[in-house]
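Residue numbers (my numbering): -7 to 162.
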């Protein structure tokens, strides 16, 4: 049961407990609007050093939206939600990541590199799960996996400009 839960959280980002606002490096306006919307995402394991932890394949849904200067990824199937950091935008190639605590003494870093092509994308999802000692916080173990991912857009865009939010509030 723990493995299934871990995989759901890993592939679709764990729920954020601390908001990570879009950071310096890439202006949010450079992120193609085609990224936003609902996606059906399939993943196939390419390589790992922990076959007992990472599933060989999966299918799920991502909903990517923008509110002001924050890009959020939601998984409507699991209820998980996270704010993501966009690291690179070069034309239709986008790299974004999320780093989250997991299970008390672990940190999951999830880095997604995709190439947008209309209503589809393809790319790589790299996962690093680090386990730290509960006693002295030193790194005990690093487990990694790389997945080939493909996405098909299910529904439109979701972009709310900051000025739109201010207009709605009294």
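Yeah, the Cβ is synthetic: ideal placement off N, Cα and C, and Gly gets one too. What you are looking at is a predicted structure, and each value in this text was computed from that prediction instead of being measured.
Rounded distance between the beta-carbons of residue 141 and residue 34, thought under 8 Å: 7 Å
Give me the Cβ distance between residue 78 and residue 63, rounded to the nearest whole Å; I'm assuming they're in contact under 8 Å. 6 Å
On the three-pair Cβ rule with 8 Å, is the segment 20 to 30 touching the segment 116 to 131? no
Determine the contact status of residue 116 and residue 139, defining contact as a CB-CB distance below 8 Å. yes
Quick one: what's got a C-beta closer than 8 Å to residue 49's C-beta in the same chain, skipping five residues either side? 34, 35, 36, 37
Taking 6 Å as the limit between beta carbons, can you name the residues of its chain near residue 120, skipping five residues before and five after? 101, 136
Reduced DSSP secondary structure (H/G/I, E/B, other) of residue 174: The structure shown does not extend to residue 174, since the chain spans only -7 to 162, so no value can be given for it.
Same chain, Cβ closer than 8 Å to residue 97, five either side skipped, listed in chain order: 123, 124, 125, 126
Is residue 133 helix, strand or coil when you go by DSSP? strand
Compute every distance between the C-beta of residue 73 and the non-hydrogen atoms of the ligand NAP, then say whether any falls below 7 Å. Ligands in the displayed structure: none, and consequently the ligand NAP is not present.
Check whether the Cβ atoms of residue 68 and residue 89 sit closer than 8 Å, and answer yes or no. no
Taking DSSP's pairing of strands, which residues face residue 22 in a bridge? BP columns for residue 22 are empty, so no partner.
Do you know whose CA, among 92, 42, 145, lies nearest residue 114's CA? 145
Alpha carbon to alpha carbon, how far is residue 45 from residue 25? 34 Å
Completely contained alpha helix (DSSP H) runs for the segment 37 to 103, where each covers 4 or more residues: none
Beta-carbon proximity list for residue 103, same chain, < 6 Å, skipping 5 on both sides: 89, 118
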